[in-house]
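Note that the working numbering has the sequence shown beginning at 1180, numbered continuously upward.
Just so it is clear, CB atoms sit at the ideal spot from N, CA and C, and this is done for glycine as well.
These figures come from a predicted structure and were not determined experimentally.
To start, the structure itself, in structure tokens.
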Amino acid sequence: MVIQRFSEHTPMPWANGGGTSYEIASDRDAQGEWTWRIALAPVLEDGDFSRMPCVDRKLLLVEGEGLQLTIDGKVSPCRPGVVVAFRGEAHTSATLARGPVVDLGLMFHRKKAKGNLWFEAQPGAVLDADVVVGIGGDAQIEVDGELVVIEHKDAAVQLAGKVVVLRRGVVAAIAVAVLPTSPTAAP
């Protein structure tokens, strides 16, 4: 397990040039290609999402009051605590509800990996996760019996195979599995 502070996440430009995300973890290779990716993204203004064919996306608002996504013409509200899933090739645009927001995104190539992103606030919940991100204030998790505090937008990474229990606070949990045809390991 490694605790990665927000300042240690890797800044990466959006594919469409409209902003910057902060990569928490990925299986990015030397050529910059990835099968899965986890990142925080400040959304400062209304605009289009980058189109990513063959990529499934899951999004969770971690800061701000709301975001309205329009996915291939269908309106989908994005509120704190609710995960929104959509295909990367969909024409997706965002409209801010009341000012800037920060979202946590999981992206994975659907033929090469699968993944799950969920919100957890129940003390005692066992998290079958590879990565856990603090949301709001400090969160306390227990990893193989060791108590660890993660602050807002910090992450506990390299959790595969470990027993992770939420002790207090609110977190986002992410699990990634690379499908057998792909040789890349989980975070």
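Among the options, the one whose alpha carbon lies nearest that of residue i
| i | options | result |
| --- | --- | --- |
| Leu-1345 | Val-1280, Gly-1313, Pro-1359, Met-1191 | Gly-1313 |
| Leu-1238 | Val-1305, Phe-1185, Ile-1217 | Ile-1217 |
| Leu-1357 | Leu-1240, Lys-1290, Gly-1324, Leu-1306 | It should be noted that the sequence gives Val, not Leu, for residue 1357. Cα-wise, what sits closest to Val-1357 is Lys-1290. |
| Ala-1352 | Val-1310, Arg-1236, Thr-1214, Lys-1253 | Val-1310 |
| Ala-1273 | Pro-1256, Gly-1324, Glu-1202, Ala-1354 | Pro-1256 |
| Gln-1301 | Asp-1235, Asp-1225, Tyr-1201, Arg-1347 | Arg-1347 |
| Arg-1258 | His-1270, Val-1280, Tyr-1201 | Val-1280 |
| Val-1234 | Ile-1182, His-1270, Thr-1249, Asp-1282 | His-1270 |
| Gly-1315 | Val-1342, Lys-1341, Leu-1283, Gln-1337 | Leu-1283 |
| Lys-1341 | Glu-1244, Asp-1307, Ile-1182 | Asp-1307 |
| Ile-1182 | Val-1350, Ala-1339, Val-1328 | Val-1328 |
| His-1188 | Ala-1334, Ala-1339, Leu-1326 | Ala-1334 |
| Thr-1214 | Leu-1338, Val-1305, His-1288 | His-1288 |
| Ser-1186 | Ile-1203, Arg-1236, Trp-1193 | Ile-1203 |
| Val-1305 | Leu-1248, His-1331, Leu-1338 | Leu-1338 |
Three-state class that DSSP yields for residue i in the structure shown
| i | result |
| --- | --- |
| Ser-1229 | coil |
| Glu-1325 | strand |
| Glu-1187 | helix |
| Lys-1253 | strand |
| Gln-1337 | coil |
| Trp-1213 | coil |
| His-1331 | strand |
| Val-1263 | strand |
| Glu-1202 | strand |
| Glu-1244 | coil |
| Glu-1224 | coil |
Length of the line joining the Cα atoms of residue i and residue j
| i | j | result |
| --- | --- | --- |
| Pro-1359 | Gly-1294 | 14 Å |
| Asp-1430 | Met-1191 | Here the chain covers residues 1180 to 1366 and nothing more, so residue 1430 does not appear. |
| Glu-1268 | Tyr-1201 | 22 Å |
| Arg-1184 | Leu-1223 | 22 Å |
| Glu-1325 | Phe-1298 | 22 Å |
Check: residue i C-beta below 7 Å from any heavy atom of the ligand SAH
| i | result |
| --- | --- |
| Gln-1183 | What this structure holds is no ligand at all, so the ligand SAH is not there to describe. |
Cβ of residue i within 8 Å of any chain B Cβ
| i | result |
| --- | --- |
| Gly-1252 | Absent from the structure: chain B. Only one protein chain is present. |
May I ask you to verify whether the stretch 1255 to 1263 touches the stretch 1193 to 1204, counting CB pairs closer than 8 Å and requiring at least 3? no
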